[in-house]
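Chemist:
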Amino acid sequence: MTILSLDIGLKRIGLAITYDEKIVLPLKAVIRKNRNQAANEISLILKEKEVKKIIVGLPKGGSSEEEMRRRIEHFVNLLDFEGNIEYQDEFGSSQEAIELIKGDIKIKRDGKIDSIAAMIILKRYLGLPI
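Under the numbering used here, the sequence shown is numbered contiguously, ending at residue 1077.
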């Protein structure tokens, strides 16, 4: 089953995919100009990749948990998708992503870290080692 994970941010949305639930690959992040444009781009990817399930990173804890949950759920409702949607705690995934690539590539705001965070979220969901 093809599963796509999303690390939804205000400026970038990281994406990762698995086709066999054993290997997780980061995809190119979607740079978010506005929520409709980002939702349309992701909806196209969902169709192209024949995704059956989406795993969405959701921050647990912290003072802004409810606000972030509301924003993320609103964005997910904009997607043209009929499959299953599940939420996974994303706590610390961005920091883990930075640690994973430290020294390997220059950290830029191009979405690579966001997609590696999405990869971590999906691996957590699948119970795979990071």
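Here a beta-carbon is modelled for each residue, glycine too, at the ideal position from N, C-alpha and C.
1) Taking G1003 as the reference, give the member of F1038, K975, L1075 with the closest Cα.
2) By alpha-carbon positions, which one of G1008, Q1042, R982 ends up nearest to L1026?
3) Which class does K1070 belong to by DSSP, given the choice of helix, strand or coil?
4) Assuming I1067 and S1040 form a contact by the criterion Cβ under 8 angstroms, report the distance between their Cβ atoms to the nearest whole angstrom.
5) When you compare the CB positions of Q1035 and L1069, do they come within less than 9 angstroms of one another, or not?
Modeler: Judging by the given coordinates:
1) Contrary to the premise, residue 1003 reads as Val rather than Gly in this sequence. Of the candidates F1038, K975, L1075, the one whose C-alpha sits nearest the C-alpha of V1003 is F1038.
2) R982
3) helix
4) 4 angstroms
5) Taking C-beta atoms as the reference points, Q1035 and L1069 count as a pair closer than 9 angstroms.
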